[in-house]
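Quick note: the sequence shown, position 139, residue 148 per the working numbering, numbers continuous.
Glycine included, every Cβ here is placed at the ideal spot set by N, Cα and C.
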Amino acid sequence: MKGGDVHRFSFVERVVHWVVGVTFVYLLLTGLAFSHPSLFWITSVVGGGPAARVLHPWIGLLYSAGLVAMIALWIRDMGISRDEIAWLKAIRSYATHDKSRVPPVGKYNPGQKLFFWLMGALGVAHFVSGLPLWLPDGILGMGPFHGGTANAMRVAHYLTTIGGGLLLIMHVYLGTLAFPGTARAMLQGTVSEAWAKHHHPLWDADESGRVEQAPETEAVPRP
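Shown next, in the form of structure tokens:
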């Protein structure tokens, strides 16, 4: 079908993606606000200081649950093969849109797969470092978490947040400004067939299914 649309993400996949994305942005903003008194004003745009302190850990749990769902949905497709190492070596050409030097890829390129694993690892680090800060008196027989342990967890939590924030900026940039048409996949669930062939030529779009288009109707001749 020429000029058709191709299914890329299901409704469930898109919901999980946006739950993870929106909750992480909230955690990033409130985390920055808590990191230094000069940044506490940020809480004024996320419901105020008291509300942010109460919601931050609970939103963190929702974020963690979203990550678990994300991993369950996509882990089968996120293995990086030896053949795809060549793509990673050509990452500079990919960034500069020099397609002639970039090996063809399937539904997900190795950069997207690497992003998946990095965000998964940071999510685990967020959870492990954040729980002691939320429950300093201990949980499930572990703890209490005070003094040096709490300080180490706080530093780890901040570092993982900064890392995740940088990855988020890159993710948004690549999906919007750098490669137009990419964000549509997570908004509508589809991409154009031309986009799919250009960016993921080895992806068999028939596995996802092309969007059926209404047949053109012939004009009824006037009597």
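According to the DSSP assignment, V31 belongs to the alpha helix (DSSP H) that extends over F20 to S44. In the structure shown, S201 adopts extended strand secondary structure according to DSSP, grouped into three states. Relative to L140, the option among D107, G190, P66 and S109 whose CA is nearest is P66. The beta carbon of G190 lies closer than 8 Å to those of V200, S201 and W204 in the same chain, with the five residues before and after it left out. A distance of 9 Å or more separates the beta carbons of V34 and M79.
A direct Cα-Cα distance of roughly 11 Å separates V77 from A130. Taking C-beta separations shorter than 8 Å and ignoring five residues to either side along the sequence, the partners of L176 in its chain run F124, L127, M128 and L131, following chain order. Between L97 and G69, the CB-CB gap reaches or exceeds 9 Å. For T169 against A134, the beta-carbon gap comes to about 4 Å, under 8 Å, which counts as contact. Distance from the CA atom of L82 to the CA atom of G40, rounded to whole angstroms, is 28 Å.
The beta carbon of P153 sits closer than 7 Å to those of P145, D146 and G147, all from its chain and outside the five residues before and after it, given in chain order. Residues of the same chain with a CB within less than 8 Å of the CB of I100, apart from the 5 flanking positions on each side, are G120 in chain order.
The alpha-carbon separation between A61 and G30 amounts to approximately 18 Å.
The DSSP-derived three-state label of V137 is helix. Cα atoms of V137 and S73: separation of roughly 11 Å, rounded to the nearest angstrom.
Relative to the Cα of M162, the nearest Cα in the group W143, H45, M179 and R110 belongs to W143. Using a Cβ distance threshold of 9 Å, S44 and Y182 do not count as a contacting pair. Secondary structure of V54 (DSSP, three-state): helix. Spatial neighbours of P59 in its own chain (CB-CB distance under 8 Å, excluding positions within 5 residues in sequence) are not present.
Residue H207 holds the alpha-carbon nearest to the alpha-carbon of K108 among W212, H207 and S19. A direct Cα-to-Cα measurement between F49 and A42 gives close to 4 Å.
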